[in-house]
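Protein chains in written order, with this note's numbering: chain A, 1 to 126; chain B, 1001 to 1126; chain C, 2001 to 2140; chain D, 3001 to 3140.
Here the structure comes first, spelled out in structure tokens, and everything after it is commentary.
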Ligand SMILES: Nc1ncnc2c1ncn2[C@@H]1O[C@H](COP(=O)(O)OP(=O)(O)O)[C@@H](O)[C@H]1O
Ligand SMILES: Nc1ncnc2c1ncn2[C@@H]1O[C@H](COP(=O)(O)OP(=O)(O)O)[C@@H](O)[C@H]1O
């Protein structure tokens, strides 16, 4: 299974939006990799995260529970999460398990970034 | 397995070049379909045939023996055969089993057509 | 009828998923339904790994093509436990193999998902272990 | 170790090919070698269907990951015949299931191909039938 890649790599300034790529199969192992990537970004002060599912064929139920943990952690730190490029099958799964109510959904990474950048530009507490 | 498609469909004038598409898996059944398509074209007076392997993932040994039958039949009627868009794996197989010496190989259907049209323009016996 | 036997370890459920994908394609299931079947099988294999208390750590899948339906059984050998004991088994399995930190208490979706993805689902405790039987009908 | 059981009928060898593809991917074989393994397995399954005289019409494949190699066995139950009788068996099998019209006498490539595609190949006549064992080494 491919490693999720983060772009841009390297340090993130406060207020920036990070993009994390989910692999082809989001299970426990690759889910935890996504979780780590996201938590690092949030620790570094990212105000918003895009998880891009362009390569994802399947997310299993353990993967979903890990994604919920990421959304939780982001919420607690005041960061927002968007999902982009979600396939039809995975979108139905996320709807069924209540994830779609908790994240911004966007067809493309660009659309997700545009939405989140508005949010990330607003200083905390406003 | 998908049906091989012939283009242009419908009748073929004498001297024309026909294109037959191989399916994703060339085994006994789909090989026989290709064979039928090719024999019909040759009966109708085609002087040259292109078999396009763009969709082909695998040709098994029964498929190869059927393709050899097609090449034989074409030869007996003075028609020439070209293979286009052959994958690296299948090309090695065709080399190993001696098919590449018997056909025109072309990277694309266009290149195959260009080569064969020269041939097909020459009247028989010249 | 096709059958496949998998070791219980990281990602082996994907092997089963690719096997059933090809069987479902031969039957000419719609791509959407092929996804559902693959996903249900993955959840069933994960459940077998996490909950079956199998000592040989093997999963047995059978795929039977019956006219317009595909019947899949997922079994593993191991103690067949009464539901209450099985709950403990599940709880302790979660400690090693369960959900990620921060997502505790969010499991319990496996069977629910399988029921949504497939047409008929029966979960049986058989003599030498547990067996899940699930069926998908071919929609034309 | 993984195992798969297939009925002998049109195209079932593709199911086995997709199963081994996924196993070989997990082992991180190169795409080129994955193609070779799939193709060798397809030829081995076709041979089992055509030549094994199995009455139950089933093929048993085992895939064993041993360090840096993948060992595949393809077996079928059926009479284990001396070579001379087996030749007749092959000839009569060809009448129903063999090569296409116009390509007679062009068979006999199955084992040759398997030997080219795999690293080690052993064809054994075992007590309850025949077994082909083939090995591919992981190239880094
Ligand atoms: N293959 C199985 N063998 C034994 N028990 C099982 C099996 N599958 C499910 N169960 C039981 O059913 C319960 C519910 O399963 P499920 O809905 O998949 O939730 P989860 O796996 O997240 O606990 C499990 O906690 C377990 O007790
Ligand atoms: N699985 C098998 N069971 C019994 N005999 C076999 C098997 N595979 C191959 N053989 C024997 O080996 C011969 C050569 O096989 P092969 O090279 O694949 O050629 P072909 O299948 O085209 O005849 C066959 O004709 C048959 O007699």
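Backbone N, C-alpha and C define an ideal beta-carbon position, used for all residues, glycine too.
All of these numbers come straight from a predicted model, not from anything done at the bench.
Start and end of the alpha helix (DSSP H) containing residue 1094(B)? Against the second chain, residue 1094(B) aligns to sequence position 94. Looking at the DSSP string, the run of the alpha helix (DSSP H) that includes residue 1094(B) is 1088 to 1096.
By how many angstroms is the C-alpha of residue 3062(D) removed from the C-alpha of residue 2054(C)? Mapped onto the third chain, residue 2054(C) falls at position 54. Mapped onto the fourth chain, residue 3062(D) falls at position 62. C-alpha separation (whole angstroms): 21 Å.
Can you tell me whether residue 1127(B) sits near ligand 2, meaning its C-beta is under 7 Å from at least one heavy atom of the ligand? Only positions 1001 to 1126 of chain B appear in the structure, and residue 1127(B) is not among them; the question remains open.
Rounded to whole angstroms, what is the Cα-Cα separation between residue 2110(C) and residue 2034(C)? Taking the third chain and counting its residues from 1, one reaches residue 2110(C) at position 110. Taking the third chain and counting its residues from 1, one reaches residue 2034(C) at position 34. Spanning the two alpha carbons is a distance of roughly 18 Å.
Flag this pair as touching only if the segment 3019 to 3037 of chain D and the segment 2010 to 2025 of chain C have three or more C-beta atom pairs under 8 Å; answer yes or no. yes
Could you tell me which chain C residues have their CB closer than 9 Å to the CB of residue 27(A), listed as they occur along the chain? Residue mapping note: residue 27(A) aligns to position 27 of the first chain, counting from 1. Chain C residues near residue 27(A): 2010, 2011, 2013, 2014, 2042, 2046.
With a 10 Å radius around its C-beta and 16 neighbouring C-beta atoms as the bar for buried, classify residue 3131(D) as buried or exposed. The count along the fourth chain starts at 1 and reaches residue 3131(D) at position 131. With 16 or more Cβ atoms within 10 Å of its Cβ, residue 3131(D) is classed as buried.
Beta-carbon proximity list for residue 83(A), same chain, < 7 Å, skipping 5 on both sides: On the first chain, residue 83(A) is found 83 positions in, with the first residue counted as 1. Answer for residue 83(A): 51, 53, 103, 105, listed in chain order.
Hey, residue 2070(C) and residue 2112(C) are a contact pair by Cβ (cut 8 Å); roughly how many whole angstroms apart? As a first step, residue 2070(C) is located in the third chain; it is residue number 70 there, counting from the start. As a first step, residue 2112(C) is located in the third chain; it is residue number 112 there, counting from the start. The Cβ separation is near 21 Å, so there is no contact.
Inter-residue Cα distance where the pair is residue 34(A) and residue 17(A): Position 34 of the first chain, counted from the first residue, corresponds to residue 34(A). Position 17 of the first chain, counted from the first residue, corresponds to residue 17(A). The alpha-carbon atoms of residue 34(A) and residue 17(A) are separated by roughly 15 Å.
Confirm, please, whether the CB-CB distance from residue 1057(B) to residue 1025(B) is below 8 Å. As a working mapping, residue 1025(B) is identified with position 25 in the second chain. As a working mapping, residue 1057(B) is identified with position 57 in the second chain. Yes; because the gap between Cβ atoms is below 8 Å, this pair is in contact.
Closer than 7 Å to a non-hydrogen atom of ligand 4 - does that hold for the CB of residue 2047(C)? For ligand 4, the structure offers nothing, since it holds only ligand 1 and ligand 2.
Three-state class that DSSP yields for residue 2136(C) in the structure shown: Position 136 of the third chain holds residue 2136(C). The answer is strand: DSSP assigns residue 2136(C) an E or B state.
Using beta carbons (cut-off 8 Å, strictly below), is residue 3140(D) in contact with chain B? Looking up residue 3140(D) in the fourth chain gives position 140. With 8 Å as the cut-off, residue 3140(D) does not count as an interface residue toward chain B.
Taking all protein chains shown into account, do 16 or more other C-beta atoms lie within 10 angstroms of the C-beta of residue 3015(D), making it buried, or fewer, making it exposed? The sequence position of residue 3015(D) within the fourth chain is 15, counting from 1. The residue is buried, with at least 16 neighbouring Cβ atoms inside 10 Å.
Tell me the residue span of the alpha helix (DSSP H) that contains residue 3035(D). Translated into positions along the fourth chain, residue 3035(D) becomes position 35. Residue 3035(D) -> alpha helix (DSSP H) spans 3031 to 3051.
Give me the chain D residues within the contact set of residue 1096(B), using Cβ-Cβ distance strictly less than 8 Å, ordered along the chain. Locating residue 1096(B) in the second chain gives position 96, where the first residue counts as 1. Ordered by position in chain D, the residues that pass the 8 Å Cβ test against residue 1096(B) are 3113, 3116.
Could you check if residue 108(A) is buried or exposed, using at least 16 other CB atoms within 10 Å of its CB as the buried criterion? In the first chain, the residue the question calls residue 108(A) occupies position 108. Exposed, because fewer than 16 other Cβ atoms sit within 10 Å of the Cβ of residue 108(A).
Can you give me the start and stop residues for the alpha helix (DSSP H) that residue 72(A) sits inside? Working through the first chain from its first residue, we reach residue 72(A) at position 72. 61 to 76 is the extent of the alpha helix (DSSP H) around residue 72(A).
Runs of beta strand (DSSP E) lying entirely within the segment 1013 to 1048 of chain B, each at least 3 residues, in chain order: 1017 to 1021
Interface residues of the segment 68 to 94 of chain A facing chain C [CB-CB below 7 Å]: 68, 69, 72, 73, 89
Paired residues, beta bridge with residue 1113(B) - DSSP: Numbered from 1 along the second chain, position 113 holds the residue referred to as residue 1113(B). Partner(s): none; residue 1113(B) has no beta bridge.
Comparing the CB of residue 3111(D) with every heavy atom of ligand 2, is any distance shorter than 7 Å? The residue you call residue 3111(D) lines up with position 111 of the fourth chain. True, at least one ligand heavy atom lies under 7 Å from that Cβ.
Using only the alpha-carbon positions, how far apart do residue 1117(B) and residue 1041(B) sit? Counted from its first residue, the second chain places residue 1117(B) at position 117. Counted from its first residue, the second chain places residue 1041(B) at position 41. Using only the alpha carbons, I get a separation of about 15 Å.
Specify the secondary structure class of residue 2001(C) as computed by DSSP and reduced to three states. Within the third chain, numbered from 1, the residue matching residue 2001(C) stands at position 1. Three-state DSSP puts residue 2001(C) in coil, outside helix and strand.
Kindly indicate if chain C contains any beta-carbon less than 8 Å away from that of residue 104(A). Taking the first residue of the first chain as position 1, residue 104(A) is located at position 104. Not an interface residue.
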